[in-house]
Amino acid sequence: MNHLSEEQLILFHYDEAEERGGLEGHLASCSLCRSRLEDLERDLELFRSSPVPERPEDYGQRVWMRLRPRLMEPPGSAWTWLFSPPRWVPAAALALLIVGAFLAGRFVGPGNPAPAPIPPQARERILLMAVGRHLERSQMVLVELANTESKGPVDISAERNIARDLVDENRLYRQTEARAGEAGVADVLDDLERVLIEIANGPSKISSTQLDEIQRRIEAKGIIFKIRVIGSQVQAREKSVARQSSGGTT
Amino acid sequence: MNRMEDSDASVVTQVLAGDRDAYRILVERHSRAIFRLAFRMTGNEQDAEDVVQETLLRAYRRLNRFESRSTFSTWLYRIAVNCSVDFSRKRRHEDDRQVACEREADDPVLSVPSTDPSAERLMMSAEVREKVEATMNTLSEKERAAFVLRHFEGQSIEEIARALGVKANAAKNNIFRAVQKLRRALEPVVG
């Protein structure tokens, strides 16, 4: 028998080797492989001994005390939290700001003084924050669907409703990013839009085969990964604009 | 019947039937394990605390999707792994300098209460410990999750595959890659 590969040794160490008897036989007769196994075990022991902070005995009770007030909805209301006031207040405020600025510009009469325009950096920051939030919500829908396991029919009406909301937002952001010359972000939003449309236009109850198909499409496009990447980029841009704004005002 | 003796699956049934407070049993039963997993995944005590809360909240809200063909803890681990990945990403976006300061002030390794320090812990030099932490951070999310679930939580390849939503071979390969990367990184330190 040839010497054992590192992969075989790893599987043996974790008691996952299928041909364990054969490996044991080889190890009994091969001092080199025994020595390599000992080295592996020594290395892995170093990782095992890196400690985790202790939690108190009543940790579970403490977690429950903090958690319980948040369990207002019955199980299954998976999406109510996306629409809860704390998460929506900033978005709504931003939307009002944008709409307000638009209306102010549109309806200023000749006798009325024009309000001060929103500085370009502030506008860009508002857009980036809104896009970031949109990506976060889209990601949650896709992750939820990608992680759902089922053998029978699945009710995805909650995800479908959110997808419907997100489709219109997505179109707006995609067009805005394309106009701003952000082709990379616009392309990902385009991919995202196709998936969202498919979910939004599909049935609210789907079979496990249909769920598999949705999951396959999500995975094939690598859409969750792309969203996370551009989400990071958008966040970085937003921070950079914020820094420039604060630098400009001091 | 003593509620604490109920199986996870039967508690889930009670919660879904409207007994919200029965969820407390699952919270008390699994919080510590989730914290351990989250800490291994994020390397940050505060993030691990947040992951515990978020995992249990997400699990509650998706409870009607839990199917007893996998164990509740495997299902919960899957949610915890996803939450940990999310928190790690958020952490990476934060101001590097601020994070560095926080870590220095609240080093999870150094702040561990050592009521019963093992010989290994005492022997572990600061250099190796630092290397271990740094190397864990170089693993991909799946490699880190697979390694943590196998090495620290003792989960089988099949359970890990379910938790990560990948095939068994992919889970195996993630473990191989993780172990290989970790060993290569330790070579200069341990010889």
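Protein sequences, first through last, are from chains A and B.
The numbering of the first sequence is this note's numbering, which starts it at 29 and goes up by one.
The numbering of the second sequence is this note's numbering, which starts it at 514 and goes up by one.
Using N, Cα and C, we set each Cβ at its ideal position, and we do this for glycine too.
As the structure is a computational prediction, the values presented were derived from the model and not from experiment.
Exercise. Does A/K233 have its Cβ less than 9 angstroms from a Cβ in chain C?
Worked result: Absence of chain C from the displayed structure is noted, the protein chains being A and B.
For this session: Tell me whether A/I234 sits in a helix, a strand or coil according to DSSP, three-state version.
Result: Numbered from its first residue, the first sequence carries residue 234 of chain A at position 206. Three-state result, A/I234: strand.
For this session: Measure the CB-CB distance between A/V169 and A/V213 and report whether it falls below 9 angstroms.
Result: Taking the first residue of the first sequence as 1, we reach residue 169 of chain A at position 141. Taking the first residue of the first sequence as 1, we reach residue 213 of chain A at position 185. For A/V169 and A/V213, no; Cβs fall outside 9 angstroms.
Problem set entry | Local conformation of B/D519 per DSSP, three classes | Here residue 519 of chain B refers to the residue found at position 6 when the second sequence is read from its first residue. Note: B/D519 maps to coil in three-state DSSP.
Problem set entry | Assigned secondary structure, A/D183 (DSSP; H/G/I helix, E/B strand, else coil) | The sequence position of residue 183 of chain A within the first sequence is 155, counting from 1. A/D183 falls in the strand class under three-state DSSP.
Exercise. Straight-line CA distance for B/E567 to A/S273?
Worked result: In the second sequence, the residue the question calls residue 567 of chain B occupies position 54. In the first sequence, the residue the question calls residue 273 of chain A occupies position 245. In a straight line, the C-alpha of B/E567 is about 33 angstroms away from that of A/S273.
Exercise. How is A/R42 classed by DSSP in three states: helix, strand or coil?
Worked result: Within the first sequence, numbered from 1, the residue matching residue 42 of chain A stands at position 14. Residue 42 of chain A is actually Tyr in this sequence, not Arg. Shown here, A/Y42 sits in coil according to DSSP, grouped into three states, outside any helix or strand.
For this session: Return the Cβ separation of B/F552 and A/V80 in integer angstroms, given the expectation that the two are a contact with Cβ distance under 8 angstroms.
Result: The count along the second sequence starts at 1 and reaches residue 552 of chain B at position 39. The count along the first sequence starts at 1 and reaches residue 80 of chain A at position 52. That pair is a contact at about 5 angstroms.
For this session: Would you mind reading off the limits of the alpha helix (DSSP H) that contains B/T651?
Result: The residue you call residue 651 of chain B lines up with position 138 of the second sequence. Run containing B/T651: none; DSSP gives neither H nor E here.
Exercise. When you compare each of A/E247, A/L220, A/L239 to A/R165 by their alpha carbons, which one comes out closest?
Worked result: For the purposes of this step, residue 165 of chain A is taken as the residue at position 137 of the first sequence. Answer by Cα proximity: A/L220.
Exercise. Rounded C-beta distance between B/V524 and B/I547? I'm assuming under 8 angstroms.
Worked result: Here residue 524 of chain B corresponds to residue number 11 of the second sequence, with the count starting at 1. Here residue 547 of chain B corresponds to residue number 34 of the second sequence, with the count starting at 1. So it is not a contact: roughly 16 angstroms between Cβ atoms.
Exercise. Nearest-angstrom Cα distance between A/I242 and A/R256?
Worked result: As a position in the first sequence, residue 242 of chain A is number 214, starting the count at 1. As a position in the first sequence, residue 256 of chain A is number 228, starting the count at 1. So the two alpha carbons sit approximately 19 angstroms from each other.
Exercise. How many angstroms separate the CA atom of B/T526 from the CA atom of A/R76?
Worked result: To locate residue 526 of chain B, count along the second sequence from 1; it is residue 13. To locate residue 76 of chain A, count along the first sequence from 1; it is residue 48. B/T526 and A/R76: Cα-Cα distance of roughly 36 angstroms.
Exercise. For the alpha helix (DSSP H) that A/R96 lies in, which residues bound it at each end?
Worked result: For the purposes of this step, residue 96 of chain A is identified with residue 68 of the first sequence, where counting begins at 1. Premise fails: A/R96 is in no alpha helix (DSSP H) and is neither H nor E.
Exercise. Which class does A/D196 belong to by DSSP, given the choice of helix, strand or coil?
Worked result: Residue numbering aside, residue 196 of chain A sits at position 168 when the first sequence is read from its first letter. Helix, per DSSP.
Exercise. Taking just the CA atoms, how far does B/V540 sit from A/R94?
Worked result: Here the question's residue 94 of chain A lines up with position 66 in the first sequence. Here the question's residue 540 of chain B lines up with position 27 in the second sequence. Roughly 11 angstroms between the two C-alpha positions.
For this session: Report the residues of the region 86-97 of chain A with a CB closer than 7 angstroms to any CB of chain B, ordered along the chain.
Result: Y87, G88, Q89, V91, W92, R94, L95
For this session: Determine, using beta carbons only, whether A/L170 comes closer than 9 angstroms to chain B.
Result: Against the first sequence, residue 170 of chain A aligns to sequence position 142. Answer no: the Cβ-Cβ gap between A/L170 and chain B never drops below 9 angstroms.
Exercise. Taking 9 angstroms as the CB-CB limit, is B/L570 close to chain A?
Worked result: If you number the second sequence from 1, residue 570 of chain B lands on position 57. B/L570 counts as touching chain A.
For this session: Indicate, with yes or no, if the ligand ZN has a heavy atom lying under 8 angstroms from the CB of A/E152.
Result: Inclusion of the ligand ZN in the displayed structure is not the case, the ligand content being empty and no account of it being possible.
Exercise. By how many angstroms is the C-alpha of A/Q36 removed from the C-alpha of A/A45?
Worked result: As a working mapping, residue 45 of chain A is identified with position 17 in the first sequence. As a working mapping, residue 36 of chain A is identified with position 8 in the first sequence. A/A45 and A/Q36: Cα-Cα distance of roughly 7 angstroms.
Exercise. With 9 angstroms set as the bound, which would you pick, yes or no: does the beta-carbon of A/Y201 sit closer than that to a beta-carbon of chain B?
Worked result: Indexing the first sequence from 1 puts residue 201 of chain A at position 173. Not closer than 9 angstroms to any Cβ of chain B, the Cβ of A/Y201 fails to qualify, so no.
For this session: Since I believe B/V594 is in contact with B/M649 (beta carbons under 8 angstroms), could you give me their beta-carbon distance rounded to a whole number of angstroms?
Result: Taking the first residue of the second sequence as position 1, residue 649 of chain B is located at position 136. Taking the first residue of the second sequence as position 1, residue 594 of chain B is located at position 81. Actually they do not touch by this definition, with Cβ atoms about 15 angstroms apart.
For this session: Could you work out which residue in A/S268, A/I251, A/E197, A/L173 is closest to A/L239 when comparing CA atoms only?
Result: In the first sequence, residue 239 of chain A corresponds to position 211, counting from 1. Checked all of A/S268, A/I251, A/E197, A/L173; the closest Cα to A/L239 is A/L173.
Problem set entry | the region 652-670 of chain B / the region 679-692 of chain B touching (three or more Cβ pairs under 8 angstroms) | Segments in contact, yes.
For this session: Step through the CB atoms of chain A and report whether any lies within less than 9 angstroms of the CB of B/N595.
Result: The count along the second sequence starts at 1 and reaches residue 595 of chain B at position 82. Chain A, which has a Cβ nearer than 9 angstroms to the Cβ of B/N595, makes this yes.
For this session: Answer with yes or no whether the minimum CB distance from B/L695 to chain A is below 9 angstroms.
Result: Numbered from 1 along the second sequence, position 182 holds the residue referred to as residue 695 of chain B. Yes - at least one Cβ of chain A is within 9 angstroms of the one on B/L695.
For this session: Kindly confirm or deny that the region 64-72 of chain A and the region 80-90 of chain A touch, where touching means at least three C-beta pairs closer than 8 angstroms.
Result: no
Problem set entry | Buried or exposed (CB count within 10 angstroms, at least 16 for buried), A/K233 | Residue numbering aside, residue 233 of chain A sits at position 205 when the first sequence is read from its first letter. It is exposed - the Cβ of A/K233 has fewer than 16 other Cβ atoms within 10 Å.
Exercise. Taking just the CA atoms, how far does A/S260 sit from B/L576?
Worked result: Within the second sequence, numbered from 1, the residue matching residue 576 of chain B stands at position 63. Within the first sequence, numbered from 1, the residue matching residue 260 of chain A stands at position 232. Distance between the alpha carbons of B/L576 and A/S260: 30 angstroms.
For this session: Give a yes or no on whether the minimum CB-CB distance between B/R663 and chain A is below 9 angstroms.
Result: Taking the second sequence and counting its residues from 1, one reaches residue 663 of chain B at position 150. It does; some Cβ of chain A falls within 9 angstroms.
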